[in-house]
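Those protein sequence lines, which keep their order, are chains A and B.
Counting with my numbering, you get residues 1 to 247 for the letters of the first sequence.
Counting with my numbering, you get residues 1 to 247 for the letters of the second sequence.
For each residue, glycine too, the CB sits at the ideal point set by N, CA and C.
2 protein chains.
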Amino acid sequence: MLSNIRIILAETTHPGNIGAVARAMKNMGLHDLRLVSPKIFPSADATSRASGADGILSNAVVCDTLDEALIDCDLVMGASARRRTISWPELSSHDGAKLAAKESQEAKVAILFGRENSGLTNEELDRCHYLLHIPCNPDFSSLNLGAAVQVIAYELRMAVMGSDEVVKTAKRSEDRLSTANEIEAFYGHLEQTLYDIGFTQPERSRSLMRRMKRLYNRVRLEKKEVDILRGIFSMMKEKKDISRSDR
Amino acid sequence: MLSNIRIILAETTHPGNIGAVARAMKNMGLHDLRLVSPKIFPSADATSRASGADGILSNAVVCDTLDEALIDCDLVMGASARRRTISWPELSSHDGAKLAAKESQEAKVAILFGRENSGLTNEELDRCHYLLHIPCNPDFSSLNLGAAVQVIAYELRMAVMGSDEVVKTAKRSEDRLSTANEIEAFYGHLEQTLYDIGFTQPERSRSLMRRMKRLYNRVRLEKKEVDILRGIFSMMKEKKDISRSDR
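Given below as structure tokens:
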């Protein structure tokens with residue numbers, strides 16, 4: 001679906017920003033970039049700021065007109081700071097990205113970004129079905145072009161991949177978690193140790209053990225951690241036995 | 001709450017990135033910036049990229065150690081690309097920002113960003129309660145420092161202000177929407193016009209009018225738009241009357 005979303009930059013002034021856009025796109029898995037009459041392109045500044053996303057730059061299609069850039073696109077969204085003079089269907093970056101992600105299942109979606117200083121012209125706005133607005137400080141609302149593309153591209157990825165992508169792919173570590181049996185054996189060992197060292201007595205240990213379990217259950221112990229803790233218990237008991245035999 | 005969130009940059013190499021961070025912060029309403037041993041600062045590059053957020057730069061506290069930067073902070077989150085070797089409590093940028101926003105109601109929260117090339121050291125990670133991970137293309141996962149701060153700052157603002165900030169503050173335009181009565185009068189005028197010009201006949205107009213209403217109800221007409229459309233209807237009828245009288 002991300003391959004059905006095209007980023008279009010209209011008359012960008014600073015080539016470094018084009019490079020930053022390419023990097024932001026590749027970071028988020030977008031690839032289709034069109035540039036309408038960029039002031040300077042290609043450029044060493046763009047390549048340097050792309051920082052490894054050169055492929056996006058070399059595949060970028062440079063167009064003379066917005067019409068050319070919009071070819072094949074079904075839905076057009078324009079990124080824009082709040083405009084008070086024109087009423088236009090406006091979506092937040094979050095909601096707009098959700099709509100774009102949905103539409104991109106079957107249609108080609110274009111997201112259009114304007115000039116660094118003056119944004120989109122009225123003629124360009126006329127081509128947009130929706131305006132996208134990034135919520136921001138109303139007293140300082142002009143985002144850098146690369147930063148604006150970064151936020152929208154991030155929201156697009158979140159919308160397409162689902163917000164729990166991280167949770168799904170997050171690996172705790174190479175070490176496996178302890179099984180329920182291992183944890184039970186651990187608690188048994190802990191309780192026995194607490195008796196052995198004289199910290200508590202069998203008839204008084206119930207509420208203490210409940211607290212201990214609440215603590216360790218929260219952290220979801222790994223096998224290796226259990227081994228280490230049980231090693232410590234064993235050492236504690238040994239120490240106690242030695243000190244007893246010293247008496 | 002945003003004033004209780006501090007951004008800390010550890011040993012930043014490129015001063016331009018510090019400027020980009022300042023701009024991203026101000027865009028999203030953050031103000032508290034600390035720099036741990038930046039390579040070059042202050043710098044004209046930083047000021048230029050800050051692009052009006054110079055206040056954040058001049059108020060930024062330069063620290064020799066992370067300890068100094070973390071003073072007063074209760075919760076520390078480290079922004080980090082995925083690490084496969086260490087198991088660490090990890091949150092997505094979205095969930096982490098929600099937690100930070102919640103905690104910032106009562107506590108000082110620090111968000112720590114590492115070096116451009118090598119991220120955070122193990123000693124710095126040890127100070128973090130959570131790692132923040134921005135979901136991204138696993139084959140190209142290194143975001144520019146300014147871009148990473150932009151995404152996190154954006155999520156912080158969304159979390160603090162609520163995702164419907166846009167909806168709340170969005171003004172359609174200065175023009176008020178039409179009242180239900182005005183819309184009814186408009187539909188009456190439309191229907192009459194369609195008869196007058198011979199487009200349909202009273203006994204056949206029901207399904208046509210239903211289509212028309214479905215269309216116009218979707219756009220939620222403004223008063224001024226209704227006036228314009230009714231002006232057009234009047235003109236159509238006039239034209240028809242004229243052409244009839246010409247016969």
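A straight line joining the alpha-carbon of residue 29 of chain B with that of residue 125 of chain B spans about 26 Å. By the beta-carbon neighbour count (other beta carbons within 10 angstroms, threshold 16), residue 59 of chain B is exposed. Residue 70 of chain A carries a coil assignment under DSSP once its states are collapsed to helix, strand and coil. The continuous beta strand (DSSP E) containing residue 133 of chain A extends over residues 130–133. Chain B has no Cβ within less than 8 Å of the Cβ of residue 14 of chain A. The beta carbon of residue 213 of chain B sits closer than 7 Å to those of 187, all from its chain and outside the five residues before and after it, given in chain order. In this structure, the straight-line span from the alpha carbon of residue 234 of chain B to that of residue 195 of chain B is close to 13 Å. Using a Cβ-Cβ cut-off of 8 Å, residue 117 of chain A does not count as an interface residue toward chain B, since no Cβ of chain B sits closer than that to its own. The residue among A:52, A:34, A:41 with its C-alpha nearest the C-alpha of residue 113 of chain A is A:34.
Secondary structure at residue 113 of chain B: strand, using DSSP grouped into helix, strand and coil. With a beta-carbon spacing of about 5 Å, residue 21 of chain B and residue 146 of chain B fall inside the 8 Å limit used to define contacts. Taking a Cβ-Cβ threshold of 8 Å, the residues of chain A close to residue 26 of chain B are 137, 140, in chain order. The beta carbon of residue 13 of chain A sits closer than 6 Å to the beta carbons of 39, 116 from its chain, once the five residues preceding and following it are set aside; these are given in chain order.
Contact annotation: in the segment 18–49 of chain B, residues whose CB is within less than 7 Å of a CB in chain A are 20, 23, 24, 26, 27, 28, 29. Against chain B, a Cβ distance below 8 Å from residue 151 of chain A picks out 150, 151, 154. The beta-carbon distance between residue 111 of chain A and residue 8 of chain A, rounded to whole angstroms, is 7 Å. This is short enough to meet the 8 Å contact definition. Counting every other CB atom within 10 Å of its CB across the protein chains shown gives residue 155 of chain B a total of 16 or more, marking it as buried.
Going by DSSP, residue 79 of chain B is part of the beta strand (DSSP E) stretching over 75–79.
Excluding the 5 residues flanking it on each side, residue 205 of chain B has same chain C-beta neighbours closer than 8 Å at 191, 194, 195, in chain order. A straight line joining the alpha-carbon of residue 176 of chain B with that of residue 88 of chain A spans about 14 Å. Proximity of chain B to residue 147 of chain A at the Cβ level (cut-off 8 Å) is accounted for by 20, 23, 24, 27, 146, 147, 150, in chain order.
Assignment of residue 35 of chain B by DSSP, reduced to helix, strand and coil, places it in the strand class. Between residue 98 of chain B and residue 74 of chain B, the gap from beta carbon to beta carbon reaches 8 Å or more.
Taking a contact as a CB-CB distance under 8 Å, the pair residue 46 of chain B and residue 18 of chain B counts as one, their CB atoms being some 5 Å apart. With distances taken between CA atoms, residue 148 of chain A lies nearest to B:24 out of B:6, B:24, B:136, B:61. Residues of the segment 88–103 of chain A whose Cβ lies closer than 7 Å to any Cβ of chain B, in chain order: 90, 92, 94.
Excluding residues up to 5 positions away in sequence, 1 lie with their Cβ nearer than 7 Å to the Cβ of residue 105 of chain A in the same chain. Out of B:140, B:224, B:103, B:181, the CA that lies nearest to the CA of residue 129 of chain B is found in B:103. Collapsing the DSSP output to three states places residue 91 of chain A in a strand. Under the three-state reduction of DSSP output, residue 198 of chain A falls in the coil class, being neither helix nor strand. Membership of residue 6 of chain B in the beta strand (DSSP E) is indicated by the continuous run 5–10.
In this structure residue 231 of chain A is exposed. Its beta-carbon is surrounded by fewer than 16 other beta-carbon atoms within 10 angstroms.
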